[in-house]
Amino acid sequence: MRRRSSVLHAVLLLLLVAAVALPLAAAQPWPVCGTSGGNYTAGSTYESNLLRLASTLRANASASPTLFASGKNSASKILLIVLPIVAVAIVAAISVCMWTVRKKSRATKAEHLSELDASEDLESVKSTLLTLGSLQVATDNFDESKKLGEGGFGAVYKGHLFGQEVAVKRMAKGSNQGLEELKNELVLVTKLHHKNLVRLVGFCLEDGERLLVYEYIPNKSLDTFLFDVEQRRQLDWATRFRIIEGVARGLQYLHQDSQKKIVHRDMKASNVLLDADLNPKIGDFGLARLFGQDQTRDVTNRIVGTFGYMAPEYVIRGQYSTKSDVFSFGILILEIVTGQRNSGPYFAEQNEDLVSLVWRHWTEGNIVEMVDYSLDRNYPEAEVLKCVNIGLLCVQQNPVDRPTMADVMILLLIYSHD
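If you want it as structure tokens, here you go:
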């Protein structure tokens, strides 16, 4: 605070010098020690000379409408001296102000980033730091009319930022888990660039707010179409197959083709967003985990995710891997084909779930009865059956028996050209 105060004092002093010097330079000066006016007498006291000066000023003021009378040469000389000083003072004042603002901006950014662990790779995220004010303007101060949805993590708002539509994910305040998921999502997603993954625009950590800003996806999530009696009719078979293929490409990128090996851990219909052309984009990386290139699995005591999509080894033993995502993808395929939501883990003791139902119809040879009726049998039966086959391969209980996403892509490409 002391340094900031001294800087402000210096700026004010420079501006004061400029304010005083400019009028004096513009006016014509008068001689106080000239030989012709007789304003100064050697050997006289200070008071007598001051009286003489005052009387001269009064005489000159009555004789001429211009108070300051002198030659043009003298005025020019003073202008030549004063104007460069004023110019330097103004430039110096502007420079000091700019330096202060820039320093304050850097300090604010550092303060906001300090919420993240120092161990995180922050270099890749600094350029995406946004101000709270800009996001308040973008969302009309998080107006209810801008809300797209809400969940345990918080709420998502639509906004306009830098000339583009965005989705602002506002984490619930006071949640330590919310901060952990934000850090996780932030550091991971900034490294990912794929057409089937939702793109991160920026983030904000300010005044207790934790905000992630993504590209806006106009058609919301797959589940809003797939499990709605009317909306699902917009998903013909060609669109459904394109969604299956796009999600598979996105997962293959996460598992194999990106700079980092990433397990999503929460692959489900509500985390598949659809753009204006109903092309899929995988979102919500709050639970994702980064793996070493040679790492095959990990174990956790904290089981998180969505029942119905979780692999059995994850629910029972806390083990997860890329094959856990493959299992979730298999569930997603079966949901897309049938138009039905999987109610829970098929290994649990409960009523027959979607996976068990599909397995039974498959072994009985009447799987066509499970295909979504809203398709009105307007689909290539062989392609649908082979997608069901891929889905069942992905949901096998033993993760070793499941294909990789690279294998799945090969199967899909072959089947699409049969």
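According to mature numbering (1 follows the signal peptide of the UniProt record, and there is no 0), the residues represented by the sequence shown are -27 to -1, 1 to 391, in order.
We put the CB at the ideal spot given by N, CA and C, even for glycine.
What do you get for residue i, buried or exposed, if any count of 16 or more other CB atoms within 10 angstroms of its CB means buried?
i: P57; result: exposed
i: H166; result: exposed
i: T336; result: exposed
i: residue 397; result: Any answer about residue 397 is impossible in this case: the structure gives the chain only from -27 up to 391.
i: G265; result: exposed
i: V357; result: buried
i: S68; result: exposed
i: I54; result: exposed
i: P285; result: buried
i: D326; result: buried
i: V162; result: buried
i: V331; result: buried
i: Y346; result: exposed
i: Y273; result: The sequence shown places Thr at residue 273, rather than the Tyr named in the question. Exposed, by the Cβ-count rule.
i: G136; result: exposed
i: D267; result: exposed
i: F302; result: buried
i: R183; result: buried
i: R333; result: exposed
i: D116; result: exposed
i: D239; result: buried
i: P372; result: buried
Identify whether residue i lies in helix, strand or coil by the three-state DSSP scheme.
i: M382; result: helix
i: F302; result: helix
i: P253; result: strand
i: A65; result: helix
i: V202; result: coil
i: Y189; result: coil
i: Q266; result: coil
i: G364; result: helix
i: F258; result: coil
i: K241; result: coil
i: K233; result: coil
i: N246; result: The sequence shown places Leu at residue 246, not Asn. L246: strand per DSSP, three-state reduction.
i: L208; result: coil
i: L102; result: strand
i: R215; result: helix
i: R375; result: coil
i: Q225; result: helix
i: Q109; result: helix
i: I387; result: helix
Look at the Cβ atom of residue i, then the Cβ atom of residue j, and state whether they are nearer than 8 Å.
i: C177; j: L121; result: no
i: R350; j: F300; result: no
i: K296; j: N169; result: no
i: Y187; j: E138; result: no
i: G338; j: F126; result: no
i: L155; j: M144; result: yes
i: V361; j: I340; result: yes
i: residue 400; j: V236; result: Absent from the structure is residue 400, since the part of the chain shown begins at -27 and ends at 391.
i: N244; j: S194; result: yes
i: V368; j: V328; result: yes
i: N192; j: L247; result: yes
i: T212; j: Q204; result: no
i: K164; j: K233; result: yes
i: K146; j: G124; result: no
i: S129; j: V110; result: The question names Ser, but residue 129 is Val in the sequence shown. No; because the gap between Cβ atoms is not below 8 Å, this pair is not in contact.
i: L105; j: E218; result: no
i: R215; j: N252; result: yes
i: L385; j: I363; result: yes
i: G132; j: T101; result: no
i: A65; j: Q229; result: no
With residue i and residue j assumed to form a contact (beta carbons below 8 Å), what rounded beta-carbon distance in angstroms separates them?
i: G256; j: V171; result: 4 Å
i: K241; j: L305; result: 7 Å
i: D298; j: L224; result: 6 Å
i: R275; j: Y293; result: Rounded, the Cβ-Cβ distance is 11 Å, inconsistent with contact.
i: A249; j: V381; result: Not a contact, Cβ separation roughly 26 Å.
i: L208; j: E308; result: Incorrect: roughly 11 Å between the Cβ atoms, too far for contact.
i: V344; j: T311; result: 7 Å
**Report entry** Any alpha helix (DSSP H) of 4 or more consecutive residues that is wholly inside the region 269 to 354
**Finding:** 285 to 290, 295 to 311 and 327 to 337
Query raised in the report: Can you list the alpha helix (DSSP H) stretches of 4 or more residues lying completely in the region 116 to 197, in chain order?
Result: Segments of the alpha helix (DSSP H) lying fully in the region 116 to 197: 149 to 162.
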